[in-house]
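Here the structure is laid out as structure tokens; the discussion comes afterwards.
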Amino acid sequence: MHCSITPQNDDPFYFDQEGLVAVAGSAVVSEGLRYFKEHRVISVDQDRDRLWAEVEEDDQDLPCGVDVMAEEETLQLSCTCHAEQAVCCHMVAALYAYAEQKEAVGQLFSAADAAIRDRIKRGRSEVVVKHLSGKHWFGQWQAETLSSATHFPQQYQVTIRSLTQRANICTCPDFTLNQLGTCKHIEAVLHKISKRRDYNTIKVLPAPSSYIYLSWEGEDAPQIRLHRSPSLPPDLEKLLTGSFDGAGCFRGRFPDDFFRLLEQVENREDLHIGEDCLAHARTLSAQATQQLRAEKIRAQILATNGHLAGVKARLYPYQIEGVAFLAGSGRALLADDMGLGKTLQAIAAGQWLCTNEGVGRILIICPASLKHQWAREIERFTNLQAQVVQGPAQDRGAQYRREATFFIVNYELILRDLSVINELLCPDLVIMDEAQRIKNWRTKIATAVKLIPCRFAFVLSGTPLENRLEDLYSLMQVVDPKVLGPLWRYMVDFHVTDDRGKVLGYRNLSVLRKRLAPVMLRRDRRLVRDQLPDKIVQRLDVGMTPKQWELHDSAMSAAGQLAKIARTRPLTPNEQNRLLASLQQARMACNSAGLIDKETTESPKLDELEDILGELCLQSGLKAVVFSQWERMTQLVEMRLTRMGLGCVRLHGGVPTAKRGELMDRFREDDAVQVFISTDAGGVGLNLQSGAVLINLDVPWNPAVLEQRNARIHRLGQKKTVQIITMVATDAYEQKVFALVRTKQNLFDNVVSEDATEDVVGISKKLLETLVEDLADPREPGLPVTKEESGETEEAAMTAETRASAPSSEDHTAKAIRLCIEELQRAFGSRIERIFGSGGGLVTVLDRVDAEADTVAEQLSTEVPVALIDRLALKGLQRLGTGSPLAEEETYFNAGDRAEQSGVSRLQRLSEEKLAATQLLFEQGMSESALEMVFAALLAWAADKAGMEAPIERSELGVWVYGEALPQGLLNQEQVGLLMRALGFVQGGVAPENLVRALIDDASAFIAS
492 MHCSITPQND DPFYFDQEGL VAVAGSAVVS EGLRYFKEHR VISVDQDRDR
542 LWAEVEEDDQ DLPCGVDVMA EEETLQLSCT CHAEQAVCCH MVAALYAYAE
592 QKEAVGQLFS AADAAIRDRI KRGRSEVVVK HLSGKHWFGQ WQAETLSSAT
642 HFPQQYQVTI RSLTQRANIC TCPDFTLNQL GTCKHIEAVL HKISKRRDYN
692 TIKVLPAPSS YIYLSWEGED APQIRLHRSP SLPPDLEKLL TGSFDGAGCF
742 RGRFPDDFFR LLEQVENRED LHIGEDCLAH ARTLSAQATQ QLRAEKIRAQ
792 ILATNGHLAG VKARLYPYQI EGVAFLAGSG RALLADDMGL GKTLQAIAAG
842 QWLCTNEGVG RILIICPASL KHQWAREIER FTNLQAQVVQ GPAQDRGAQY
892 RREATFFIVN YELILRDLSV INELLCPDLV IMDEAQRIKN WRTKIATAVK
942 LIPCRFAFVL SGTPLENRLE DLYSLMQVVD PKVLGPLWRY MVDFHVTDDR
992 GKVLGYRNLS VLRKRLAPVM LRRDRRLVRD QLPDKIVQRL DVGMTPKQWE
1042 LHDSAMSAAG QLAKIARTRP LTPNEQNRLL ASLQQARMAC NSAGLIDKET
1092 TESPKLDELE DILGELCLQS GLKAVVFSQW ERMTQLVEMR LTRMGLGCVR
1142 LHGGVPTAKR GELMDRFRED DAVQVFISTD AGGVGLNLQS GAVLINLDVP
1192 WNPAVLEQRN ARIHRLGQKK TVQIITMVAT DAYEQKVFAL VRTKQNLFDN
1242 VVSEDATEDV VGISKKLLET LVEDLADPRE PGLPVTKEES GETEEAAMTA
1292 ETRASAPSSE DHTAKAIRLC IEELQRAFGS RIERIFGSGG GLVTVLDRVD
1342 AEADTVAEQL STEVPVALID RLALKGLQRL GTGSPLAEEE TYFNAGDRAE
1392 QSGVSRLQRL SEEKLAATQL LFEQGMSESA LEMVFAALLA WAADKAGMEA
1442 PIERSELGVW VYGEALPQGL LNQEQVGLLM RALGFVQGGV APENLVRALI
1492 DDASAFIAS
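In our numbering, the protein residues as written are 492 to 1500.
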């Protein structure tokens, strides 16, 4: 597909959103923007008058190639896709990627500046605006997001009051919360105005009338400020002078004096009062009132001594405190440990608000599996009516109209019923159970929940913080978005990051706990330790069959290749799906080969389960709960129990919510039903205290899921000693998962625990990063290895022996030296200055020799003797002349020793000789080592161009290139492109031979020039 378009400005490849819509249409631009945000642009590069990129497509094995050529006054665009449009979504995605790359190069900003620049960029690319009223630029504008990250596109009203100060207003939520004084909608309007031909004239014109606004600039922000117009009437000037100083700052008592001023200037058309400062004043006033109200409510509830009117239960003291906290705060997060009765506390607080605060309708949002359990608890503890909302749309519409106090709906239905809930139900109180379901604030469900307006909100979660501090931030957006402030400041205040923004750990946790204290209450099981039975926790290591190992190792190999790609660039959606599918297969193989081939019905874990249940259920008469993540595994368990003659019920996601309560009732009341089998659909909220044994057949990646499972039987109401058994596949991927799961608990404990003391904690490595390291050296102690590597089977040993004795076309010594050189390249890379072959061994010259390097050499010396020396030692040996052990050496790599004698810089000589070594390695078929060597040559060459004394470290290359080399003109864009291309190949680990050849040729041309 080919087309021609006209460039927008001096940079022919740089387009803003309006320019893209003009040439491609809004639908194609929206699709292209989605592709860009999903990291589908695999690569983008530009060379003078040409831009090219690769963009991944769902239904194609190969990415689409986009090529843009600047010719005179037009751009020639082509794409390998077969779209009917003149400009396709792949072209648009490529141009978005180029725009982001252009704006990021060489820029270093503070966190606030970076947040503002992000909104400027998004305003130019994502928002469509229209002028509604006002003169020139002053007045009302309408803004609409072209592609909404919230999945609920909405129109907002922007009021423009200044082109030079952050004094404008927008009705969007981001403007209310971000504390920047701007948003992407405001920036879109300002960008639109800046494109006027008379912009330089109008931007110096004063606003036509005076206005009062909320300023976020300065150290004392926010401040109420006054902008005086030149035509300010004398009577208004006299009135305002008493409230504002000469600089325009409000100097009265806030908010009392401000409200009095508003009464005096009411209905004046020559003064505009911003909604931002009105909202700020109302918020402060409401906070003061709420504090007094909360203290009064707490006193009333605590005085009941556990007997709340309308609640048919005697509450424990800590539960009374929880009810008082919820009702008094009005909007709060109850983060009690699992099993402490969060449901009862929320119901009791709701009952109190119905009696004393005029609450008429309460909406409960919970997982589908808990809807009927909530209904039973409401019926058990109150006389109020509860309506479970379910069925087709017409039935649900009728259910919302019924006379009831509690309306119970699952999270997924919020998406479908949002308009009905807001227009028909209009709840006074929203209770969110298992609220970690909306921990990702970017999801559709999280966004929908936050669009329900209500006076009161209770958020219930035993695990408000699972992996990242952003989880907690999302929940607090429902409770009170102002508590933690804007996301950009939250990241700055509490995150420790490296130069590239990667989160390394968390800090200022004592400050975070203090901020959360007014709206979050957390108690753990120690409060009710005397009311809970003992708990015995046991890990049971289980082996795997050869067929399981085969499936496991195949999946880990595929995941490893994708993990290596992830080190060079973000994975595309297809690659992410393939990576997750491979990891999923490895974990499934740890349970049973039958989860993958759908035929095998046996597994060591099922054999162990049969022995355990035979002893505890058949012989001792106990009841047990069995969990697995996979429904197929629960089917295999059910088949095995049927064969044993054990009565059981099985819960999974396919069981209708209306029938789930019946399964729990049978397990609780029927002595013939001794085993409750469940997927994680039953892992949250269910009360299964009838069981005394809980068996986890697999290890979930999230520690909170494991805790949720275990808390099904170890909770209030349990009378027996609880035994919890977790099965782990020995030496497999599951074993590493189990070890890493425990590290995630540290962050949780130091934020939400009552007695937390740590102020700074590190972050555990992510799954992908850990996987990459594990696969790089699978024999590292403590890491899972393949069955063949472990040497545990006779078949594997025989295979290895056969492989070792196979005839080779290469002489053994020569092969050993070649393999040793490859290992040296992998271990030391650009640190190698020279390698000599002498007497059947290797002498390697490094930039420095330390204990770590010597350990590597010692390990390699089992096949070929390896000695390490530095440059000073090399010169000493060379002074021996013919007496030197290196006198008749064979030089594999020779770097830089003769530089001083030839008048050529050492780095230039180093780059030339590493390039020569590259040619040798490539000719010998050692492409991976050739990649390392050509990259080392380019690093030395770039350092020489920049006048540096030593090659640039690989880890610092990106920062140096875009922070110094390009901005200071040390390298041009073409040279930078070559460096980054080489870096991408090296980090990827493998590349097609033709691409390696092309890279070597390009490097040779640059270094020679």
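Even for Gly, the Cβ is constructed at its ideal location relative to N, Cα and C.
Predicted model, so just to flag it, every value in this text is computed and none were measured.
Do A1433 and T1409 have their beta-carbon atoms positioned less than 8 Å apart in this structure? no
Out of D747, P699, Y704, A712, point me to the one whose CA is closest to P724's CA. P699
With A682 as the anchor, note down where its alpha helix (DSSP H) starts and where it stops. It is worth fixing the name first, because residue 682 is His in this sequence and not Ala. 675-685 is the extent of the alpha helix (DSSP H) around H682.
In three-state terms, what does DSSP make of I856? strand
Reduced DSSP category for W1040 - H, G, I as helix; E, B as strand; rest coil: helix
Inter-residue spacing [alpha-carbon to alpha-carbon] between V950 and Q1052: 41 Å
Exposure of I1443, with buried meaning 16 or more beta-carbon neighbours within 10 Å: Classified as buried, I1443 has 16 or more neighbouring CB atoms from the shown chains inside 10 Å of its CB.
Provide the residue(s) that pair with A1026 in DSSP beta bridges, ordered along the chain. Checking the displayed sequence, the identity of residue 1026 turns out to be Lys instead of Ala. BP columns for K1026 point to V1213.
What three-state label does DSSP hand E1225 in the structure shown? Note: E1225 maps to helix in three-state DSSP.
Put S722 into one of helix, strand or coil per three-state DSSP. coil
Local Cβ density within 10 Å of N1201, reported as buried at 16 or more and exposed below that: Counting Cβ neighbours within 10 Å, N1201 comes out buried, since at least 16 surround it.
Classification of T1353 by the beta-carbon crowding that lies within 10 angstroms, buried from 16 upward: exposed
Classification of C917 by the beta-carbon crowding that lies within 10 angstroms, buried from 16 upward: It counts as exposed.
Mind checking A640: buried by the 16 CB within 10 Å criterion, or exposed? Residue confidence is low: A640 scores 47 on pLDDT, short of 50, so the model does not pin down where it sits. No coordinate-derived value is stated.
Test item: CB-CB of L966 and R1006 under 8 Å: no
If we ignore side chains and look at the alpha-carbon of each, how far apart do A1386 and V618 end up? Reliability fails at A1386, whose pLDDT of 42 lies under 50, so the model's placement of it is uncertain and the value that follows must be treated cautiously. Each residue's Cα considered, the two are about 55 Å apart.
Span of the beta strand (DSSP E) holding Y809? No beta strand (DSSP E) contains Y809, which is instead part of the alpha helix (DSSP H) from 808-820.
Kindly indicate the opening and closing residues of the beta strand (DSSP E) around F897. 897-901
Using the three-state DSSP reduction, which class does N999 fall into: helix, strand or coil? If DSSP states are grouped into helix, strand and coil, N999 belongs with coil.
Given a cut-off of 8 Å on the beta-carbon distance, is the pair R1131 and L1100 in contact? The Cβ atoms of R1131 and L1100 sit closer than 8 Å to each other.
Have a look at L963, V1184, Q645 and flag the residue whose alpha-carbon is nearest the alpha-carbon of K1026. V1184
Nearest residue (CA-CA) to E894, options N901, R907, E903, V879: V879
Grouping DSSP H, G and I as helix and E and B as strand, with all else coil, what is N1187? strand
So, I1308 versus V1334, is the Cβ gap smaller than 8 Å? no
What residue range is occupied by the uninterrupted alpha helix (DSSP H) comprising I869? 862-872
At least three beta-carbon pairs within less than 8 Å, the segment 881-891 to the segment 800-814: Short answer: they don't touch.
Is DSSP giving D971 helix, strand or coil here? Assigned with DSSP and collapsed to three states, D971 falls in coil, not helix or strand.
Which residue or residues does DSSP assign as beta-bridge partners of M1011? L824
Backbone CA spacing between L1406 and W1451 [nearest angstrom]: 22 Å
At what residues does the alpha helix (DSSP H) containing Q885 begin and finish? 884-891
In whole angstroms, what is the alpha-carbon distance linking T873 and Y891? 20 Å
Rounded C-beta distance between L854 and F898? I'm assuming under 8 Å. 5 Å
Neighbourhood of L1422 by C-beta, 8 Å cutoff - its chain only, sequence neighbours within 5 removed: Cβ within range, chain order: A1473, F1476, V1477, A1482, V1487, L1490.
Provide the residue(s) that pair with W632 in DSSP beta bridges, ordered along the chain. H622, V649
Where Y964 falls: helix, strand or coil (DSSP): helix
From the DSSP output, in three-state form, read off H581 for me. helix
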